[in-house]
Amino acid sequence: MVLLVTLNNCSPENESPIKEPPPPPAVTVPFPEAMYVQNGCAACHGMGGNGRGTRSHLLSNSRVPNFQDKTTYIYGSTKEAIAKSIKNGIPGTYMKAYGHMRKQEIEAVAEFIQKMQR
Ligand code: HEC
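Counted from 1, the sequence shown has number 11 at position 11 by UniProt numbering; the numbering is strictly sequential.
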């Protein structure tokens, strides 16, 4: 008998009238910017795209573009051209292919790079 009473007390009708507060809103980092960092782009290309990242000293023998200056792009500075460079990489250079990234992700990062242009 005691057991039944206890079970009844667990039914939803007996839940405390005090509602739990809603969960806090998720912290959102601008998504392309996060990918630019997480995929290591920033390490070589610099956070602002100027080609001076934390790893760029290792690339002293490479030509690292300055994303802010359209004249330094070899493969094109349009969103489409940038997306292509990301997807296929630049064979024979430190710029590897990011073909594992989803199309929308590549496009978002390409747009982010395009916004660096002055
Ligand atoms: C290990 C260093 C390294 C990393 C990591 C890297 N890049 Fe590069 N990237 C380079 C180098 C070096 C070049 C120039 C290659 C050449 O000599 O043509 C380049 C070229 C490019 C170009 C072509 C620019 C042009 O000249 O037209 C784009 C666009 C680009 N990178 C975007 C990215 C993005 C986006 C990421 C991250 C998803 C990334 N890179 C990660 C080193 C890197």
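Idealized CB from N, CA, C, for every residue including glycine.
Keep in mind it's a predicted model, so treat the numbers as computed, not measured.
Comparing alpha-carbon positions, which option in the options lies nearest residue i?
{"i": "residue 119", "options": "GLY92, GLN117 and HIS57", "result": "In the structure as shown, the chain begins at 1 and stops at 118. Residue 119 is therefore absent and cannot be evaluated."}
{"i": "ILE113", "options": "GLY46, PRO21 and GLY92", "result": "GLY46"}
Can you tell me whether residue i is helix, strand or coil according to DSSP?
{"i": "PHE112", "result": "helix"}
{"i": "TYR94", "result": "coil"}
{"i": "residue 139", "result": "Residue numbering for the chain in the displayed model covers 1 to 118; residue 139 lies beyond these limits and cannot be assessed."}
{"i": "THR78", "result": "coil"}
{"i": "PRO32", "result": "helix"}
{"i": "ILE18", "result": "coil"}
Assuming residue i contacts residue j (C-beta within less than 8 Å), just tell me the rounded distance between them.
{"i": "ILE90", "j": "TYR75", "result": "7 Å"}
{"i": "MET35", "j": "ALA108", "result": "7 Å"}
{"i": "PRO65", "j": "GLY51", "result": "6 Å"}
With a threshold of 8 Å (Cβ to nearest heavy atom), would residue i be considered close to the ligand HEC?
{"i": "ALA93", "result": "A small correction: the amino acid at residue 93 is Thr; Ala does not occupy that position in the sequence shown. Under cutoff, so the answer is yes."}
{"i": "ARG118", "result": "no"}
{"i": "HIS57", "result": "no"}
I want to check one thing, is the minimum distance from the CB of residue i to the heavy atoms of the ligand NAD below 8 Å?
{"i": "GLY76", "result": "No copy of the ligand NAD appears in this structure; the ligands present are the ligand HEC."}
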